[in-house]
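Sequence order for the protein chains is P and Z. Residues in the first sequence are numbered from 1 upward in steps of one, following full-length UniProt numbering. Residues in the second sequence are numbered from 1 upward in steps of one, following full-length UniProt numbering. Even glycine gets a Cβ: it sits at the ideal position worked out from N, Cα and C. What follows is a short report on a single structure.
There are 2 protein chains.
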Amino acid sequence: MSQPASAPPIRAVFLDFMGTCLDWHSSVVRALPASLTEEARSDLALVWRQAFFDDIRSRPPGEAPEDIDVVHERLLKRLLEEGPRTDVAHAFSDASITEAVQAWHQMTAWQDVYAGLAAVREQLGVEVFVLANGTTRLQLDLVRSSGLAPVIDMLFSSQLLGVAKPTPEIYKRALDLVGLGRDGPGGAVMVAAHAYDLRAAKAVGLRTVYIRRWTDDLDETDDELLVRENDGYVLDDFAGLAEVLKKMQSASDGH
Amino acid sequence: MSQPASAPPIRAVFLDFMGTCLDWHSSVVRALPASLTEEARSDLALVWRQAFFDDIRSRPPGEAPEDIDVVHERLLKRLLEEGPRTDVAHAFSDASITEAVQAWHQMTAWQDVYAGLAAVREQLGVEVFVLANGTTRLQLDLVRSSGLAPVIDMLFSSQLLGVAKPTPEIYKRALDLVGLGRDGPGGAVMVAAHAYDLRAAKAVGLRTVYIRRWTDDLDETDDELLVRENDGYVLDDFAGLAEVLKKMQSASDGH
């Protein structure tokens with residue numbers, strides 16, 4: 001009798017970084033002007049982040065990625081000058097805008113990430129890569145501030161690959177570079193707190209795991225859709241990631 | 001009174017990898033056909049390696065780099081079929097050629113490297129990057145087999161950067177990616193066991209340290225030239241690298 005068709009074994013995990021692994025919100029809120037209330041700073045950080053994703057989605061696919069510091073500065077100035085947050089513009093100087101932009105280079109990891117990734121590496125023997133929009137300098141700074149270096153094998157930035165997520169080419173280039181171009185993309189899993197990222201990864205053929213983070217994907221309110229799109233692999237944090245990958249692996253083995 | 005002109009502080013060390021950090025010779029000799037004597041295998045490995053460097057130098061600058069496995073296979077077949085080692089061709093099958101090519105993916109580090117780099121990181125607080133010709137898959141394999149991951153921040157391959165050493169563009173791109181493009185290349189040091197690499201790095205403005213390895217640069221026999229070209233910074237291994245970098249740093253501070 002023929003065996004059920006089996007997918008290739010899981011050999012690599014690609015991680016989105018900010019939001020998915022890293023708590024960008026705390027460091028950005030801390031860097032916004034102290035003259036604003038905590039609530040105003042949290043709100044501004046969330047609006048700024050959403051503007052960043054809206055900006056990514058508005059770009060023509062395949063366009064060369066812009067320096068993330070430049071994007072962050074442009075978007076913050078726009079939302080302070082043109083809205084929707086002109087009411088807090090009075091609190092900013094050139095120096096405080098620079099300070100806020102630089103805050104995106106220093107973040108701590110969500111507390112579940114280090115142990116979750118260590119378990120993935122130990123129990124599945126897979127390699128773990130960052131695949132995220134931004135510059136390589138940004139990723140080096142974030143790996144340092146987050147202390148995640150021991151659980152990450154390599155950093156792939158959109159700057160390095162010359163194209164940004166969600167353009168299909170970035171996932172394909174990353175697969176080629178780690179040696180999974182020939183075996184097919186099913187040997188890789190994309191892990192992210194952003195549905196747009198996982199939709200693009202899945203379209204290229206990667207498997208996907210969605211991580212719910214309260215700071216991200218505020219416009220993705222249909223939880224059933226997320227569960228369906230990611231074949232049920234939706235988690236609240238990285239604690240159960242190793243178990244999910246093992247389940248994914250054995251499902252594709254036909255067990 | 002005016003101070004002596006000072007170079008920027010050293011912030012990054014770029015490492016060549018094979019030969020400089022890694023003992024390619026032992027693993028390649030081990031993978032060559034057991035029917036050959038140890039001496040014949042060692043000789044073949046050295047001739048193969050030299051053919052690799054001759055091949056790099058024969059290429060037009062800026063040409064997109066070829067997959068290193070493909071290059072290794074082509075060069076081994078040529079030296080067995082056309083010379084200068086037709087006398088050992090009888091010992092090879094297709095399988096043993098493949099095995100020999102794959103041996104370049106598994107190497108241990110020279111015993112001085114880990115401690116030497118750990119001292120550099122600790123005493124100078126600089127970042128350490130691999131900048132080497134080859135594929136990213138190759139570098140990932142070599143970092144794993146050598147155990148050097150904890151002392152390396154990032155891997156830059158010629159495949160990733162789209163251009164090979166000694167083309168100037170590869171050094172410039174690496175500097176830009178780590179954030180040293182603006183401060184100037186004097187904030188970076190290239191460390192290699194290959195004079196051609198250091199000549200190219202120096203022409204771009206990086207500082208250089210030459211490491212003598214018995215396996216590499218067999219055609220660079222003028223030691224005084226090497227000392228002169230590298231401003232006296234020539235070492236027998238990585239043990240004294242931290243001290244040399246501190247001396248280099250204070251010399252450029254004008255002390």
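Buried/exposed call for residue i, threshold 16 Cβ in 10 Å
{"i": "Gln111(P)", "result": "exposed"}
{"i": "Pro8(Z)", "result": "exposed"}
{"i": "Ser27(Z)", "result": "buried"}
{"i": "Gly147(Z)", "result": "exposed"}
{"i": "Thr98(P)", "result": "exposed"}
{"i": "Thr215(Z)", "result": "buried"}
{"i": "Ala132(Z)", "result": "buried"}
{"i": "Pro65(Z)", "result": "buried"}
{"i": "Asp67(Z)", "result": "exposed"}
{"i": "Pro166(P)", "result": "buried"}
{"i": "Ser250(Z)", "result": "exposed"}
Close-in-space but distant-in-sequence residues of the same chain around residue i (CB under 8 Å, 5 per side omitted)
{"i": "Ser35(Z)", "result": "Ala91"}
{"i": "Glu38(Z)", "result": "Val29"}
{"i": "Gly181(Z)", "result": "Lys172 and Leu175"}
{"i": "Asp236(Z)", "result": "Ile211 and Arg212"}
{"i": "Phe52(Z)", "result": "Val71, His72 and Leu75"}
{"i": "Ala109(Z)", "result": "Cys21, Leu22, Asp23, Ser146, Gly147 and Leu148"}
For residue j and residue i, the rounded distance between their alpha carbons
{"i": "Ala174(P)", "j": "Asp69(Z)", "result": "19 Å"}
{"i": "Asp94(Z)", "j": "Gly184(P)", "result": "26 Å"}
{"i": "Arg144(P)", "j": "Arg213(Z)", "result": "32 Å"}
{"i": "Leu241(P)", "j": "Ser252(Z)", "result": "50 Å"}
{"i": "Val151(P)", "j": "Ala45(P)", "result": "28 Å"}
{"i": "Leu206(Z)", "j": "Glu224(Z)", "result": "20 Å"}
{"i": "Ala195(P)", "j": "Asp54(P)", "result": "13 Å"}
{"i": "Val88(P)", "j": "Met18(P)", "result": "25 Å"}
{"i": "Val71(P)", "j": "Arg74(Z)", "result": "46 Å"}
{"i": "Met107(P)", "j": "Trp24(Z)", "result": "39 Å"}
{"i": "Arg41(P)", "j": "Ala118(P)", "result": "33 Å"}
{"i": "Val178(Z)", "j": "Pro84(Z)", "result": "42 Å"}
{"i": "Gly134(Z)", "j": "Arg59(P)", "result": "33 Å"}
{"i": "Glu122(Z)", "j": "Asp222(Z)", "result": "34 Å"}
{"i": "Val187(P)", "j": "Ala203(P)", "result": "One point to set straight first is that residue 187(P) is Gly, not Val, in the sequence displayed. When rounded, the distance between both Cα atoms is 14 Å."}
{"i": "Glu243(P)", "j": "Val13(P)", "result": "14 Å"}
{"i": "Ile56(Z)", "j": "Gly62(Z)", "result": "11 Å"}
{"i": "Thr20(P)", "j": "Val120(P)", "result": "16 Å"}
{"i": "Ala149(P)", "j": "Ala100(P)", "result": "25 Å"}
{"i": "Asp43(P)", "j": "Leu140(Z)", "result": "41 Å"}
{"i": "Pro4(Z)", "j": "Glu82(Z)", "result": "For Pro4(Z), the predicted model reports a pLDDT of 41, less than 50, meaning its position is unreliable; a value from the coordinates is still stated below. Cα-Cα distance, rounded: 57 Å."}
{"i": "Gln102(Z)", "j": "Gln102(P)", "result": "44 Å"}
{"i": "Ala31(P)", "j": "Arg78(P)", "result": "18 Å"}
Contacts around residue i, its chain only, beta-carbon distance under 7 Å, and the 5 residues preceding and following it disregarded
{"i": "residue 256(P)", "result": "Only positions 1 to 255 of chain P appear in the structure, and residue 256(P) is not among them; the question remains open."}
{"i": "Met1(P)", "result": "With a pLDDT of only 38 at Met1(P), under 50, the local geometry of the prediction cannot be trusted, and no value is derived from it."}
{"i": "Thr86(Z)", "result": "Leu80"}
{"i": "Asn230(P)", "result": "Leu198, Thr208, Val209 and Tyr210"}
{"i": "Pro33(Z)", "result": "Ala91, Phe92 and Ser96"}
{"i": "Gly232(Z)", "result": "none"}
{"i": "Glu220(Z)", "result": "Ala195 and Leu226"}
Same chain, Cβ closer than 6 Å to residue i, neighbours up to 5 away in sequence not counted
{"i": "Phe238(P)", "result": "Asp112, Val113 and Gly116"}
{"i": "Val227(Z)", "result": "Val234"}
{"i": "Ala200(P)", "result": "Pro166"}
{"i": "Pro168(P)", "result": "Val204"}
{"i": "Ala164(P)", "result": "Pro65, Asn133 and Ser158"}
{"i": "Ala192(Z)", "result": "Asp16, Thr20 and Leu198"}
{"i": "Ile170(P)", "result": "Leu161 and Val163"}
Contact under 8 Å by Cβ, residue i with residue j
{"i": "Leu161(P)", "j": "Thr136(P)", "result": "no"}
{"i": "Leu22(Z)", "j": "Leu138(Z)", "result": "no"}
{"i": "Leu124(P)", "j": "Leu245(P)", "result": "yes"}
{"i": "Gly76(P)", "j": "Trp104(P)", "result": "Reading the sequence as shown, one finds Leu at residue 76(P) and not Gly. Cβ atoms of Leu76(P) and Trp104(P): not closer than 8 Å."}
{"i": "Leu155(P)", "j": "Gln50(P)", "result": "no"}
{"i": "Ile10(Z)", "j": "Met248(Z)", "result": "yes"}
Which complete beta strand (DSSP E) runs does the stretch 35–97 of chain P hold, if anything under 3 residues is left out? none
Can you check the stretch 182–234 of chain Z for any alpha helix (DSSP H) of at least 4 residues that lies completely inside it and give the ranges in chain order? 195–204 and 223–229
For a minimum of 4 consecutive residues, which ranges assigned as the alpha helix (DSSP H) are wholly contained in the stretch 128–190 of chain P? 136–146, 158–161 and 168–177
Cβ-based contacts, 8 Å cut-off: residues of the stretch 115–130 of chain P near chain B: Of the chains in the structure shown, none is chain B; the protein chains are P and Z.
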